[in-house]
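Notes follow the structure.
Numbering (the numbering used here), first residue to last: 22 to 189.
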């Protein structure tokens, strides 16, 4: 994958890269309790990173693969290179994994105020299914629940539509 100036690889995270991933998380989220190392200890967790060959990660995605579901927990890009398609590439890698693993449902939560992320997920085919009032502990903000349905046999995205209306 090229972002216009460097060649990037989407790979599974290695222990030596965790500090850089956690730095991106701290820059992107208010959740000080996030730890990539803890995620990698969980056998159901998957961590993908986007990085130039021989360099530290520029972006990451963390998901849990449980039964026939893939739950996207976190996705973030270093602020200095946002808007170059790294998030899209990471999501495509996760969706490819889901398709290869027979996953039928990909789900995530996103802050109601994060309109850019909601639009991003919609472009990938996700639909809004619900609201979790007061979900985020740091400020009590609501979470918007979104899902993407896949045909477990083929990995193809199944058409979905919003079950509730959310302004973005």
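Virtual Cβ for every residue (Gly too), placed ideally from N, Cα, C.
With distance defined between alpha-carbon atoms, name the residue in 171, 170 and 155 nearest to residue 164. Answer by Cα proximity: 155.
Looking at the secondary structure, which residues open and close the beta strand (DSSP E) in which residue 136 lies? Note, residue 136: premise wrong, no beta strand (DSSP E); alpha helix (DSSP H) at 136–144.
Going by C-alpha to C-alpha distance, which of 120, 126 and 141 sits closest to residue 132? 141
What separation, rounded to the nearest whole angstrom, lies between the Cα atoms of residue 101 and residue 115? 23 angstroms
Of the residues 42, 157 and 144, the one placed nearest residue 83, counting alpha carbons only: Nearest C-alpha to residue 83: 42.
Sorted by chain position, which residues of the same chain lie with C-beta nearer than 7 angstroms to residue 66's C-beta, five sequence neighbours on each side aside? 60, 83 and 85
Buried or exposed for residue 129, going by 16 or more other Cβ atoms inside 10 Å? buried
Any idea what DSSP makes of residue 36, helix, strand or coil? helix
CA nearest to the CA of residue 170, picked from 71, 157, 92 and 137: 92
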